């Protein structure tokens with residue numbers, strides 16, 4: 001089972017100073033010990049530890065689809081790549 005290198009860790013953030021909003025969202029895909037794939041989501045306020053959710057999939061294609069859906073949803077809500085300047 002090979003993981004798509006394009007689906008490496010994705011670090012998004014949403015900063016809106018008028019609403020005192022400074023959020024981060026991190027997506028990553030990692031193999032499990034039993035041949036599956038985990039989609040790991042971390043989110044919260046920038047500067048905090050935040051929360052983590054792990055979803056396990058049988059196939060890397062399923063995890064990749066979920067990764068893409070989550071990325072599109074967050075970008076629609078105003079999140080941008082952390083590497084981009086605000």
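Residue numbers (the UniProt record's numbering): 1 to 86.
Just so it is clear, CB atoms sit at the ideal spot from N, CA and C, and this is done for glycine as well.
In this text the structure is predicted, and so the values were computed from the model without any measurement.
Which residues in the same chain have their Cβ closer than 8 Å to the Cβ of residue i, if we skip the five residues on either side of it in sequence?
i	result
residue 38	29, 30, 31, 32, 54, 55, 56, 57 and 63
residue 23	13, 14, 15, 43, 44, 45, 46 and 79
Which same chain residues end up closer than 6 Å to residue i when comparing Cβ atoms and leaving out the 5 residues on each side of it in sequence?
i	result
residue 74	12 and 25
residue 9	28
Quick one: using the 10 Å Cβ neighbour count with 16 as the cut-off for buried, is residue i buried or exposed?
i	result
residue 67	buried
residue 77	exposed
residue 1	Any reading at residue 1 is ruled out, since the residue's pLDDT is 48, under 50, leaving its predicted position unreliable.
Pull up the CB-CB distance for residue i and residue j, whole angstroms please, since I reckon it's below 8 Å.
i	j	result
residue 101	residue 43	Residue 101 lies beyond the stretch modelled for the chain, which goes from 1 to 86, so this question has no answer here.
For residue i versus residue j, is the C-beta distance shorter than 8 Å?
i	j	result
residue 48	residue 41	no
Next on the checklist: Restricting to runs no shorter than 4 residues, where is the alpha helix (DSSP H) found entirely within the UniProt domain "WGR" (1-86)?
Outcome noted: 60-76
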